[in-house]
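Right, one structure below, let's go through it.
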Amino acid sequence: MQLNRVLPLSPRHLALVPLAVGINIAMGQFAEATALPVFLDTIGTVLVAALAGPVAAVVTGIVSQTVRTLVSGNSTLLPFVTIQIVVALYAGLAAKVGVFASLGRTAIAGLVLGLLAGTMAWPISLFLFGGVTGGGITVFTATLRTLGLPLNLAVFISSLTNDLLDKTLTFLLIRAVLTSLPQRMAARFPLAQRALGRAG
Amino acid sequence: MIRYIQGNGILHRAHPFTPFTLAGAVVVLAFALPAPIGPLVLCSLMILLPVIEGVGVIVRTAGLLALPFWIFLFGIHGWLGGDPLTALKVAARLTSLIFVFLTVVVSVHPGRFVDALVARGVPFSLVYLLSATLQAVPRLGRRAETILDAQRCRGLRVRGSPLRRARALVPLALPLVLGSLAEVDERSVALEVRGAGSTARPTPLDPPPDTPYDRIARWGLAALVALALVLRIAL
Numbered sequence: 003m004q005l006n007r008v009l010p011l012s013p014r015h016l017a018l019v020p021l022a023v024g025i026n027i028a029m030g031q032f033a034e035a036t037a038l039p040v041f042l043d044t045i046g047t048v049l050v051a052a053l054a055g056p057v058a059a060v061v062t063g064i065v066s067q068t069v070r071t072l073v074s075g076n077s078t079l080l081p082f083v084t085i086q087i088v089v090a091l092y093a094g095l096a097a098k099v100g101v102f103a104s105l106g107r108t109a110i111a112g113l114v115l116g117l118l119a120g121t122m123a124w125p126i127s128l129f130l131f132g133g134v135t136g137g138g139i140t141v142f143t144a145t146l147r148t149l150g151l152p153l154n155l156a157v158f159i160s161s162l163t164n165d166l167l168d169k170t171l172t173f174l175l176i177r178a179v180l181t182s183l184p185q186r187m188a189a190r191f192p193l194a195q196r197a198l199g200r201a202g
Numbered sequence: 356m357i358r359y360i361q362g363n364g365i366l367h368r369a370h371p372f373t374p375f376t377l378a379g380a381v382v383v384l385a386f387a388l389p390a391p392i393g394p395l396v397l398c399s400l401m402i403l404l405p406v407i408e409g410v411g412v413i414v415r416t417a418g419l420l421a422l423p424f425w426i427f428l429f430g431i432h433g434w435l436g437g438d439p440l441t442a443l444k445v446a447a448r449l450t451s452l453i454f455v456f457l458t459v460v461v462s463v464h465p466g467r468f469v470d471a472l473v474a475r476g477v478p479f480s481l482v483y484l485l486s487a488t489l490q491a492v493p494r495l496g497r498r499a500e501t502i503l504d505a506q507r508c509r510g511l512r513v514r515g516s517p518l519r520r521a522r523a524l525v526p527l528a529l530p531l532v533l534g535s536l537a538e539v540d541e542r543s544v545a546l547e548v549r550g551a552g553s554t555a556r557p558t559p560l561d562p563p564p565d566t567p568y569d570r571i572a573r574w575g576l577a578a579l580v581a582l583a584l585v586l587r588i589a590l
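Chains as they are written, first to last, in this note's numbering: chain A, 3 to 202; chain B, 356 to 590.
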């Protein structure tokens, strides 16, 4: 059953999206606890892409970045909604071709996404915010500037490094989730099997 | 996490769309006004905004959010780049955005905002996504804290080499994600039972009044933004 003419989401997917957004934001606490230089703020988006397809994932990404901005009051997060959309579309495609079938393929797909996200994020950071977006990534940018690198290169390298690590870890964690899904739960999300390369 | 603060200021009493229009206008003005004077004047006004609105308690929070940007911008552009004017310009813009967004978020009651959306005929699914997400975020945040404490009690070490720390993410992420997925069934049944599938327009219980003053304010802000953009292009 389709809910309405605007959002082509079933009740199951509509129930999934708010929880996925909550996961996107709550994962930040784990990243902080482990002191890893990652955000892990797209885990819910990638999860929805693997379980429900790219449309629900794009909705998750947009809602996630909007709500993150609202609950943190940090409006500099909002322009990065474009990265969430790219992650959602890429993850949807990756899940469709079954990249989560093996650890190696998952890691490579994560690295490619990191490359894509990093390449897209640095101009936003540089041109809108002068290369300063707060947090560890800016400390890295400042360190590279101290070493004499030009600002645009410093922002690009720090953005890319962060995204390569972040998106690879995100993809590996999603693979761990997909392979751990109890059978009953997996049956509710047939696309999960396709993402693991177990169904045509 | 930023929450609604009770009050009786202009933004609290206004139709919920008016404060958000103000925030949108400030975003455009911060980039359209001639720098560095324009963003600096805007920044000064926005720092005063929470005080005028009666939510002065957020000045400290907003200041703490903005402070790292000032430090890093002056470090990177001023000290290392020899261009303090760029640092001043960008810092003033970002501070304006942080102050206006924080003031608006603490001044608009989420329930009133949802009612305003429903009254305007925004589809149920969009309204549900927004309201359900605003409820889910703090709940999952608390669950993440519980999981972290529980796993630490069981001996999980979240410090050490980067590889060890990355591995520690698995026993933290799995309970959070699988626990959330277990809720999906119950929620989707509840949605269907409560008529979420209907395309009929729901009636808001207590829609906030959209007064002529609100409409004038919104059109005024739109005109101000248009004027700033025209001047920016012309000059």
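C-beta atoms are modelled at their ideal positions from N, C-alpha and C, and glycine is treated no differently.
As assigned by DSSP and simplified to three states, the class of residue i
i      : result
Q4/A   : At Q4/A, the pLDDT of 44 sits below 50, so the modelled position is not reliable; the number obtained from the coordinates is stated separately. Coil at Q4/A, not helix or strand.
M336/B : No answer is possible for residue 336/B: the residues shown for chain B start at 356 and end at 590.
G46/A  : helix
S77/A  : helix
Q361/B : coil
R512/B : coil
T68/A  : helix
A561/B : Reading off the sequence shown, one finds Asp at residue 561/B, where the question assumed Ala. It is coil, neither helix nor strand.
H464/B : coil
A442/B : helix
A487/B : helix
Closer than 7 Å at the beta carbon, the chain B residues around residue i
i     : result
N76/A : L420, I453
I25/A : L495, L531, V532, S535
Nearest-angstrom Cα separation, counted from residue j out to residue i
i      : j      : result
R200/A : S104/A : 11 Å
S161/A : W425/B : 20 Å
N363/B : P564/B : 15 Å
G138/A : L586/B : 38 Å
A421/B : A505/B : 34 Å
D165/A : F158/A : 10 Å
P567/B : A577/B : 15 Å
A491/B : A188/A : 22 Å
T441/B : A417/B : 21 Å
S535/B : Y92/A  : 23 Å
L5/A   : P391/B : Note on L5/A: pLDDT 46, under 50, position unreliable in the model; no value is reported.
L584/B : V101/A : 46 Å
R454/B : V414/B : It should be pointed out that residue 454/B corresponds to Phe in this sequence rather than to Arg. Going from the Cα of F454/B to the Cα of V414/B covers about 8 Å.
L533/B : P184/A : 9 Å
S12/A  : L180/A : 21 Å
Delimiting residues of the alpha helix (DSSP H) encompassing residue i
i      : result
P371/B : Per DSSP, P371/B belongs to no alpha helix (DSSP H) and is neither H nor E.
L193/A : 192-197
T127/A : One point to set straight first is that residue 127/A is Ser, not Thr, in the sequence displayed. Segment 105-131, the alpha helix (DSSP H) holding S127/A.
I431/B : Note, I431/B: premise wrong, no alpha helix (DSSP H); not H, not E.
V83/A  : 83-98
A537/B : 517-548
G101/A : The amino acid at residue 101/A is misidentified as Gly; the sequence shows Val. Unbroken run through V101/A: none, as it is neither H nor E.
A390/B : No alpha helix (DSSP H) contains A390/B, which DSSP labels as neither H nor E.
A33/A  : 13-36
Counted within 10 angstroms of its Cβ, other Cβ atoms place residue i as buried (16 or more) or exposed
i      : result
W124/A : buried
I45/A  : buried
E500/B : exposed
E408/B : buried
M3/A   : A caution first: M3/A carries a pLDDT of 42, below 50, which makes its placement in the model unreliable, though a value can still be read off. By the 10 Å Cβ count, M3/A comes out exposed.
A369/B : buried
G24/A  : buried
N154/A : exposed
A59/A  : buried
Contact list for residue i against chain A, beta-carbon separation under 7 Å
i      : result
M356/B : V73
Under 8 Å by beta carbon: chain B residues contacting residue i
i      : result
L203/A : Nothing about residue 203/A can be reported from this structure: the residues present for chain A run from 3 to 202 only.
Contacts that residue i makes with chain A (C-beta to C-beta distance below 9 Å)
i      : result
R542/B : P13, R14, L16, A17, L18, P20, L21
E408/B : None at all; the shortest Cβ gap to chain A is about 14 Å.
Partners in chain A for residue i, counting only beta-carbon separations shorter than 8 Å
i      : result
Y359/B : Going along chain A, no residue has its Cβ under 8 Å from Y359/B, so there is no contact; the nearest lies around 11 Å.
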